[in-house]
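Per my numbering, the sequence shown runs over residues 16 to 393.
Yeah, the Cβ is synthetic: ideal placement off N, Cα and C, and Gly gets one too.
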Amino acid sequence: MKREENQLGKITGPLMDWYDSHARMLPWRKKEKDGNRPSPYSVWISEIMLQQTRVEAVKGYYQRFLERLPDVDALAAVSEDELMKLWQGLGYYNRARNLKKAAQQIIEEYGGEFPREYRELLTLSGIGEYTAGAIASIAFGEPVPAVDGNVYRIYTRLFCDSSDITKANVRRRIREELLKVIPGESPGSYNQAWMDLGATVCLPHGEPLCGQCPVEPFCLAGACQSWQHYPVKPAKRPRKQEERTVLLLEYQGRYLIQKRPSRGLLAGLWEFPSQEGVLSLEQLQGFLQQWKVEEGAQEREEEWQGQEQSVAVEIELLGKGKHIFSHVEWHMLGYLVHLNRKPQIPISSEGIVWATVKDLEESYSVPSAFRCFYEKIL
Ligand code: SF4
């Protein structure tokens, strides 16, 4: 272990020199007007957005989010629907809900002042060791590491370490080793140097650019060209496959959307109704027939007397779509159904709205899983 600590200490100088001239210019790294570090709020929002999302994709979201919610007070007060709309397309929507919860905690428990210490940051909703380390080191200069996938990848390559990096004891050991060597005078730059080296040189997919790497003289995997074996992770379980038929029901220029339940996948977001399985055109027509004869819909039955039988005047096939979540894949078939009257739809949900395209664009967060069909009505 000693050898590794010494080796780890040796890369600090070359890594920091490299960072001086190669640091990425990112909007959330802008220093506060009256200080020499970025604000904790901007580090926090960007780090949460960057979980599972690429830097380039985050930039636009980050800018819009900060324009609308520039500080903790604004975030704590935003409505759930507006927050979801701002987050629409980023996925993993619980991240956004936790941001709001943490903002409320900051107001209630810390008098509206962003907590400055790593240990305090860990008490906030949605903030784990990595994010707490990033905020504490970058915004407040506390010498704590921010250990993410980049660090695990570079570290295990440096030492040809085949420990399973999903194991808590392995993660703890790496963090403790970094804690011993992190430079007290510039911990934020040190952590960001690892991030940038992982993002631009020791790449997660494909061949790393060892020839351009500042720590190459210290790297065992670089010397043996065995980088592809690190980091070691257990094989992922295959994702569950689900088939769904998605219905875009249109009536007088409005489309039916429903709110998903407040727990589970895509909780609280708005979606087009869907059915399990792949419905043929005939099955779909049968389905539409059922909606107008639903039990208890007496008034509607009377209203319909004398009218033609079908509620659907035209059905268009929108084709197939696929969306991959972390544990499940949706394989979807979409139909656009033009209706000649509003059906009595037996869909249990938290709420149903007939929305115009403008409403969909401006007021409701429809997850990107439905984008492939949604785009056809824009
Ligand atoms: Fe990664 Fe290559 Fe640098 Fe080693 S030498 S840290 S494998 S880029």
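Range of the contiguous beta strand (DSSP E) that encloses residue i
i, result
"histidine 353", "343-354"
"serine 289", "289-291"
"glutamate 258", "255-266"
"lysine 46", "Run containing lysine 46: none; DSSP gives neither H nor E here."
"glutamine 273", "269-274"
"alanine 161", "Counting along the chain, alanine 161 falls outside any beta strand (DSSP E), and DSSP gives it neither H nor E."
"isoleucine 367", "367-370"
Alpha helix (DSSP H) segment containing residue i, residue limits
i, result
"glutamate 144", "144-155"
"lysine 116", "109-125"
"tyrosine 56", "55-65"
"alanine 282", "No alpha helix (DSSP H) contains alanine 282, which DSSP labels as neither H nor E."
"glycine 203", "202-215"
"lysine 74", "70-83"
"cysteine 225", "No alpha helix (DSSP H) holds cysteine 225; DSSP gives it neither H nor E."
"glutamate 135", "133-136"
"isoleucine 189", "183-196"
"glutamate 6", "The structure shown does not extend to residue 6, since the chain spans only 16 to 393, so no value can be given for it."
"alanine 250", "Neither: alanine 250 is in no alpha helix (DSSP H) and is coded neither H nor E."
"leucine 235", "235-239"
"phenylalanine 388", "386-389"
"leucine 393", "Segment: none, leucine 393 is in no alpha helix (DSSP H) and carries neither H nor E."
"aspartate 31", "Looking at the sequence itself, residue 31 is methionine, so the reference to aspartate does not match. Methionine 31 -> alpha helix (DSSP H) spans 27-37."
Contacts around residue i, its chain only, beta-carbon distance under 7 Å, and the 5 residues preceding and following it disregarded
i, result
"alanine 312", "Reliability fails at alanine 312, whose pLDDT of 39 lies under 50, so the model's placement of it is uncertain and the value that follows must be treated cautiously. Correct list, in chain order: Gln359."
"alanine 161", "Tyr145, Gly148, Ala149, Ser152 and Asn206"
"glutamine 227", "Val216"
"phenylalanine 80", "Ile60 and Leu101"
"arginine 83", "Leu101"
"glutamine 322", "With a pLDDT of 46 at glutamine 322, under the threshold of 50, the modelled position of that residue is not reliable, and the figure given next carries that caveat. Nothing meets the Cβ criterion."
Of the residues the options, the one placed nearest residue i, counting alpha carbons only
i, options, result
"glutamine 44", "Cys239, Tyr77 and Thr138", "The sequence shown places arginine at residue 44, rather than the glutamine named in the question. When each option's Cα is compared against that of arginine 44, the closest is Tyr77."
"glutamine 103", "Ala91, Ala72, Glu128 and Tyr125", "Ala72"
"leucine 65", "Leu139, Asn165, Asp35 and Lys46", "Asn165"
"leucine 114", "Arg134, Glu135 and Gly141", "Gly141"
"arginine 278", "Ser94, Tyr107 and Ile60", "Tyr107"
"proline 130", "Leu101, Ser61, Ser54 and Thr171", "Ser54"
"leucine 284", "Leu136, Ser383 and Gly75", "Ser383"
"tyrosine 56", "Arg112, Arg69 and Glu128", "Glu128"
"leucine 41", "Lys195, Glu62 and Arg188", "Glu62"
"glutamine 240", "Arg168, Lys116 and Pro223", "Pro223"
"leucine 105", "Ala92, Val70, Ala38 and Tyr170", "Val70"
"proline 219", "Leu194, Arg190, Ala38 and Tyr170", "Tyr170"
"threonine 181", "Cys175, Phe174 and Ile189", "Ile189"
"leucine 194", "Asp211, Tyr133 and Arg254", "Tyr133"
"glutamine 399", "Gly268, Gly334, Val293 and Glu135", "The structure shown does not extend to residue 399, since the chain is modelled only from 16 through 393, so no value can be given for it."
"phenylalanine 385", "Thr138, Ala238, Val261 and Glu135", "Val261"
Cβ shell of residue i (< 6 Å), same chain only, five flanking positions each side left out
i, result
"valine 87", "Ala118 and Ile121"
"lysine 373", "none"
"isoleucine 26", "Val230 and Phe233"
"histidine 353", "Glu265, Val328 and Glu329"
"serine 177", "Val247"
"glutamate 47", "Ser54"
"leucine 23", "Glu192 and Val196"
"aspartate 35", "none"
"proline 158", "Ile197, Gly199 and Pro202"
Nearest-angstrom beta carbon gap, residue j and residue i [assumed within contact, 8 Å]
i, j, result
"serine 289", "arginine 259", "5 Å"
"leucine 351", "glutamate 331", "4 Å"
"glycine 156", "glycine 203", "6 Å"
"alanine 236", "arginine 186", "Incorrect: roughly 19 Å between the Cβ atoms, too far for contact."
"leucine 30", "alanine 214", "Not a contact, Cβ separation roughly 14 Å."
"arginine 52", "alanine 154", "6 Å"
"methionine 99", "serine 380", "4 Å"
"aspartate 211", "alanine 38", "6 Å"
"arginine 333", "phenylalanine 388", "At residue 333 the sequence reads leucine, which differs from the arginine that was named. About 5 Å separates the two Cβ atoms, so the contact holds."
"arginine 254", "glutamate 344", "5 Å"
Contacting residues, own chain, Cβ-Cβ under 8 Å from residue i (five flanking each side not counted)
i, result
"glutamine 320", "Low confidence applies here, because glutamine 320 scores a pLDDT of 44, under 50, leaving its location unreliable and the question unanswered by this model."
"aspartate 32", "Pro229"
"asparagine 21", "none"
"tyrosine 270", "Leu263, Leu264, Phe287, Trp369, Ala370, Thr371, Val372, Leu375 and Ile392"
Validate contact between the region 195-210 and the region 239-252 using beta carbons, cut 8 Å, 3 pairs | Flag = no, the region 195-210 and the region 239-252 do not touch.
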